[in-house]
Every structure is written in C-alpha cells, then in structure tokens.
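Note that the sequence shown ends on residue 376 in numbering that gives the first Met the number 0; no numbers are left out.
We put the CB at the ideal spot given by N, CA and C, even for glycine.
Quick caveat, the model's predicted, so the values are computed rather than measured.
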Amino acid sequence: MDSHAHATDAKLTTWVLAPKDDPTTIDFMCSCETMRRTGIVANSTGLSTVSCFAVASVYTPPHKRGRGYAGHMMRLLHWVLAPRESLPEFPAAWGAPPDVSHVNGANTAQFSVLYSDIGKDFYRECGPSQKSGQGWHVNGAIQTSLLLSPSDMKHDVTSTSYSRSSWFRLQEDDVKRIWDYDSKLMQADLVHRAATTNRTVFSFLPTCGVGAFMIQRTMTFKDSTVPVLPTDTWGVVLLPSDTVELRDVLVESNVTSLTYATWTLDVRAPPHTLVVTRLRATPETLPALLDQIVKAGRKERVERLEIWALAEDLQAVADQLEWTTEAREEHLSAFKWYGPEPEGNVEWLFNEKYAQIRCGIRATRAFMQPFYRFCWC
C-alpha cells in the first residue's frame with residue numbers, strides 16, 4: 000500500500016518511541032504512522048490550502064502495554080506535526096522537544112486528525128503539554144445505516160422525475176474523475192459554510208489518493224502476487240439523460256451540483272458492510288440514490304449499509320426510508336486544530352469515510368519502511 004498515491008513522495012512516516020540511552024533499539028516502546036496530506040481551510044478571508052496530517056496505526060507491543068508509552072508518544076507527536084509557535088511551552092519534565100528538522104513536512108500542520116477505536120477520552124488527554132483535555136477532539140462521528148434482509152427490496156423509490164435520467168455505475172477510474180470534479184464544488188461549499196456561519200471550516204479532499212485508499216485497501220492477492228479487487232463497481236452517479244456520457248457532464252462548466260455516491264467494502268469481519276465514502280445529493284434526489292445504494296449492497300451480498308456524516312436535512316429523508324442515524328461506537332473521527340482560532344469556532348466539513356485512516360492501540364503491523372524516532376528520557 001505504501002506505493003500508492005496516498006503514501007508516496009514521503010507522505011507516509013512511521014514514528015517510534017525509543018529510550019534516549021538506546022535510540023536505535025528495535026525493542027521500542029510504541030509506534031504510529033502519519034500521512035501528510037493537503038487540506039483546505041475557509042474563513043472570513045477566503046479559501047486556503049494547508050498542510051495537515053492523518054494519524055494511524057498506533058501500536059504498543061504486548062509486553063510494553065499498560066505503562067503509558069502510547070499516551071506519551073501521542074503527546075510528543077504534536078511537537079513533530081505542528082509549527083512550534085502554535086504550541087505551548089514544552090514541558091521541562093519531558094526533556095527537549097523532538098528534533099525533526101530533517102523530516103519532510105514536519106512542523107507545518109494546520110490540523111491533524113485520527114479515528115479512534117478506543118473511545119473518545121484517550122486521545123483527548125494526549126495534548127501537547129501536561130494540561131488535561133488538550134488533545135484530539137471527537138467531532139462528527141455520526142453514521143446513517145440500514146440492515147439488509149433476504150426479503151425483496153423495500154426501497155424502490157425511483158420516481159417519474161428520473162424516468163429520462165440514467166444511473167451510471169462507476170468503476171475505479173470513474174470514481175477518481177468524479178472526485179476531481181466534485182473537489183471544486185466542495186471548495187465552494189466550504190467557502191459558503193464559512194461565510195454563513197462565521198466559523199473557520201476545514202476539510203480534506205478525496206483527491207491525490209486520499210479517497211482511493213479506501214478502494215485499494217480491499218485488495219486481496221491471487222497466487223500471492225496478483226492484486227485482485229472484490230468488485231468492479233465503486234459508486235453510482237445520476238446523469239441528466241440516458242444519452243449523456245459521464246465525460247460530457249464533467250466538462251460542463253455550468254454544472255453546479257451532482258447526485259452521486261462512492262463506496263468501499265468492509266468484508267473482513269461480520270457484518271459485511273458497504274460503506275459510502277462520499278455522497279452528494281439533495282433531499283429530492285436522495286431517495287433514488289439510496290435505492291441505488293441498496294441495490295449495490297444486495298449485488299455485493301453485504302448485510303449492512305453505512306453512510307458517515309450525512310447532512311441533517313438528508314438524515315431526515317433517510318430516516319423516513321427506515322435508515323437509522325446514530326453516533327458511531329468505533330472509528331471516532333477526532334481533530335486537533337493548530338491554528339489561532341478557538342477549537343469551538345472550528346468545523347470539520349465532509350467528515351466522511353473517504354478521509355478515514357485507522358487508529359487504535361492494539362493493531363498489529365509489520366514495519367516495512369524506515370522510521371523516525373522520538374528519544375524518550
């Protein structure tokens with residue numbers, strides 16, 4: 000996976016916490032990964048592109064657990080991601096700040112995010128100082144889901160409004176083209192949201208390999224060498240008529256909206272789930288789009304459908320169609336803001352599945368690439 004766009008050009012870094020008196024030991028205390036990304040931020044002054052990071056794969060070897068190593072590593076992590084001027088005074092009890100001047104992209108982040116599988120409190124307590132509650136803040140961990148039954152589909156809501164329209168199924172390359180186009184609309188949405196709420200609004204875009212990772216991670220290997228994807232359909236888009244091609248829609252400069260969904264499959268453990276990675280719709284077009292998602296779920300023989308961070312007006316529509324909206328109990332999206340704005344005046348928009356990267360303290364993994372070290376005294 001390290002050869003794909005989300006990780007190339009030194010965007011993926013593995014960090015380990017090691018003792019200062021033996022900094023090169025392979026018997027380190029714990030480790031994590033960071034993915035450097037490009038984010039977008041909108042406020043009263045307009046839209047800007049910023050450096051940001053996603054944190055993943057927090058791991059403590061079994062014989063090292065229960066000693067506070069992972070928490071300390073995560074506190075130090077702020078000091079390699081954020082500009083020093085945005086952080087408080089480095090605690091004297093921790094020794095000296097990590098020297099990461101040689102690491103590409105270090106100390107440049109406007110924000111960082113992670114997805115917790117161990118609740119909301121652990122990472123919240125991992126701030127850049129000894130002060131409590133200054134770490135990653137869980138935000139927008141909402142899902143809208145539907146359990147599929149063996150019975151006939153209930154949500155056949157295709158209306159006459161779309162009788163002259165065409166649902167086009169998206170292959171992997173089509174998904175990337177849709178995301179490229181939608182990224183322009185997403186940026187405009189960010190600016191509008193900031194202007195109407197007087198808040199600072201940030202997001203990732205699904206481009207540059209960020210969203211594609213959700214497809215690539217489903218690969219298995221035939222004969223141990225040939226990568227195989229479980230399906231050739233990763234989304235659906237509503238075209239204005241059955242005679243229009245996708246490429247025609249995406250080159251029209253006057254198109255200001257799309258109705259589409261992209262998805263990934265989570266079938267490694269039950270319940271097998273189709274998870275929507277990115278969705279754009281209106282309350283009027285959502286019922287027919289949900290119908291298409293249900294059809295895709297049945298085709299892939301999954302037991303459950305899931306959408307993250309559906310807008311409130313769309314939640315109301317989905318709820319009427321027997322979908323259920325509730326707080327997630329795992330993969331809790333959380334952010335740490337390093338800008339001058341107060342955390343309470345910052346909003347994460349498009350907090351959807353496409354941006355996710357796994358983060359837990361018991362995940363096992365092999366270290367296949369060079370790693371950088373925090374020296375711990």
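L16 burial status per 10 Å Cβ neighbour count (16 or more: buried): Within the sequence shown, residue 16 is the residue found at index 17, counting from 1. That one is buried.
Simplified DSSP state of R64, which is helix, strand or coil: For the purposes of this step, residue 64 is taken as residue 65 along the sequence shown, with counting starting at 1. R64: coil per DSSP, three-state reduction.
Close-in-space but distant-in-sequence residues of the same chain around W322 (CB under 6 angstroms, 5 per side omitted): Taking the sequence shown and counting its residues from 1, the one referred to as residue 322 is at position 323. So the list reads T143 and L145, once near-sequence residues are dropped.
Separation of L320 from E299, as counted between CA atoms: As a working note, residue 299 is residue 300 in the sequence shown. As a working note, residue 320 is residue 321 in the sequence shown. So the alpha carbons of these two residues sit roughly 21 angstroms apart.
Complete beta strand (DSSP E) runs within the region 301-340 (minimum length 3 residues, chain order): 303-307, 323-326 and 331-336
9 angstroms Cβ cutoff met for S165 and S240: Translated into positions along the sequence shown, residue 165 becomes position 166. Translated into positions along the sequence shown, residue 240 becomes position 241. Yes, Cβ-Cβ distance for S165 and S240 is below 9 angstroms.
Buried/exposed call for E32, threshold 16 Cβ in 10 Å: In the sequence shown, counting from the first residue as 1, residue 32 sits at position 33. Its Cβ being crowded by 16 or more others within 10 Å, E32 is buried.
Cβ neighbour criterion (16 or more within 10 Å) applied to S256: Taking the first residue of the sequence shown as 1, we reach residue 256 at position 257. When all chains shown are included, S256 counts as exposed.
E84 versus S131: straight-line alpha-carbon distance, rounded: Working through the sequence shown from its first residue, we reach residue 84 at position 85. Working through the sequence shown from its first residue, we reach residue 131 at position 132. Their backbone Cα atoms lie some 20 angstroms apart in a straight line.
Cβ contact check for the region 82-99 and the region 116-129: 3 or more pairs under 8 angstroms: yes
Boundaries of the alpha helix (DSSP H) in which T195 is found, first to last residue: The residue labelled residue 195 in the question sits at position 196 within the sequence shown. Unbroken alpha helix (DSSP H) run through T195: E171 to T196.
Residue from L289, K19 and E328 whose Cα sits closest to the Cα of Q314: On the sequence shown, position 315 is the one that residue 314 refers to. Selected option, being the one with the closest Cα: L289.
Counted within 10 angstroms of its Cβ, other Cβ atoms place T13 as buried (16 or more) or exposed: Counting from one through the sequence shown, the residue named residue 13 turns up at place 14. Buried, since its Cβ has 16 or more Cβ neighbours within 10 Å.
Bounding residues of the beta strand (DSSP E) (the contiguous stretch that carries Y259): Counted from its first residue, the sequence shown places residue 259 at position 260. That run of the beta strand (DSSP E) goes Y259 to D265.
Proximity of T199 and A41 at Cβ, strictly below 9 angstroms: Here the question's residue 199 lines up with position 200 in the sequence shown. Here the question's residue 41 lines up with position 42 in the sequence shown. Cβ atoms of T199 and A41: closer than 9 angstroms.
Straight-line Cα distance separating Y122 from M73: If you number the sequence shown from 1, residue 73 lands on position 74. If you number the sequence shown from 1, residue 122 lands on position 123. Distance between the alpha carbons of M73 and Y122: 8 angstroms.
E346 CB to nearest heavy atom of the ligand SAM below 8 angstroms: In the structure on display, the ligand SAM does not appear, and there are no ligands present to speak of.
Rounded separation between V209 and Q291 - CA only: Residue mapping note: residue 209 aligns to position 210 of the sequence shown, counting from 1. Residue mapping note: residue 291 aligns to position 292 of the sequence shown, counting from 1. Each residue's Cα considered, the two are about 24 angstroms apart.
Cα-Cα separation between A108 and E342, rounded to whole angstroms: Along the sequence shown, one-based indexing puts residue 108 at 109. Along the sequence shown, one-based indexing puts residue 342 at 343. In a straight line, the C-alpha of A108 is about 15 angstroms away from that of E342.
Alpha-carbon spacing of L285 relative to T258, whole angstroms: As a working mapping, residue 285 is identified with position 286 in the sequence shown. As a working mapping, residue 258 is identified with position 259 in the sequence shown. Distance between the alpha carbons of L285 and T258: 8 angstroms.
Three-way DSSP call (helix, strand, coil) for P286 in this model: Here residue 286 refers to the residue found at position 287 when the sequence shown is read from its first residue. Residue state, collapsed to three classes: helix.
Boundaries (first-last residue) of the alpha helix (DSSP H) holding I214: Against the sequence shown, residue 214 aligns to sequence position 215. Segment F212 to Q215, the alpha helix (DSSP H) holding I214.
Through-space distance from P82 to F167, alpha-carbon basis: Here residue 167 refers to the residue found at position 168 when the sequence shown is read from its first residue. Here residue 82 refers to the residue found at position 83 when the sequence shown is read from its first residue. When rounded, the distance between both Cα atoms is 45 angstroms.
Enclosing beta strand (DSSP E) for L86 [first to last residue]: Sequence index remark: in the sequence shown, residue 86 carries index 87 (1-based). Where L86 is concerned, there is no enclosing beta strand (DSSP E), given that its DSSP letter is neither H nor E.
Among D120, S202, L46 and C29, the one whose alpha carbon lies nearest that of V57: As a first step, residue 57 is located in the sequence shown; it is residue number 58 there, counting from the start. Taking only the C-alpha atoms, the option nearest V57 is C29.
Backbone secondary structure at E346 - three-state DSSP: For the purposes of this step, residue 346 is taken as the residue at position 347 of the sequence shown. It is a strand residue.
Secondary structure of F121, DSSP reduced to three states: Start at 1 with the first residue of the sequence shown, and residue 121 comes out as number 122. Three-state DSSP puts F121 in a helix.
Beta-carbon proximity check, H271 vs E302, cutoff 9 angstroms: On the sequence shown, residue 271 is found 272 positions in, with the first residue counted as 1. On the sequence shown, residue 302 is found 303 positions in, with the first residue counted as 1. Cβ atoms of H271 and E302: closer than 9 angstroms.
Top-ranked residue by Cα proximity to A92, from P149, H71, V112 and T24: Position 93 of the sequence shown, counting from 1, holds the residue named residue 92. Comparing Cα-Cα distances from A92 to each of P149, H71, V112 and T24, the minimum goes to H71.
Beta bridge counterpart(s) of I141 as assigned by DSSP: In the sequence shown, residue 141 corresponds to position 142, counting from 1. Partner(s): A326.
As assigned by DSSP and simplified to three states, the class of H71: As a working note, residue 71 is residue 72 in the sequence shown. Residue state, collapsed to three classes: helix.
With 16 other Cβ atoms within 10 Å as the buried cut-off, status of G94: On the sequence shown, position 95 is the one that residue 94 refers to. Looking at its Cβ environment, which holds fewer than 16 other Cβ atoms inside 10 Å, G94 is exposed.
Cβ-Cβ distance between S50 and R64 below 9 angstroms: Here residue 50 corresponds to residue number 51 of the sequence shown, with the count starting at 1. Here residue 64 corresponds to residue number 65 of the sequence shown, with the count starting at 1. No, they are not a contact pair.
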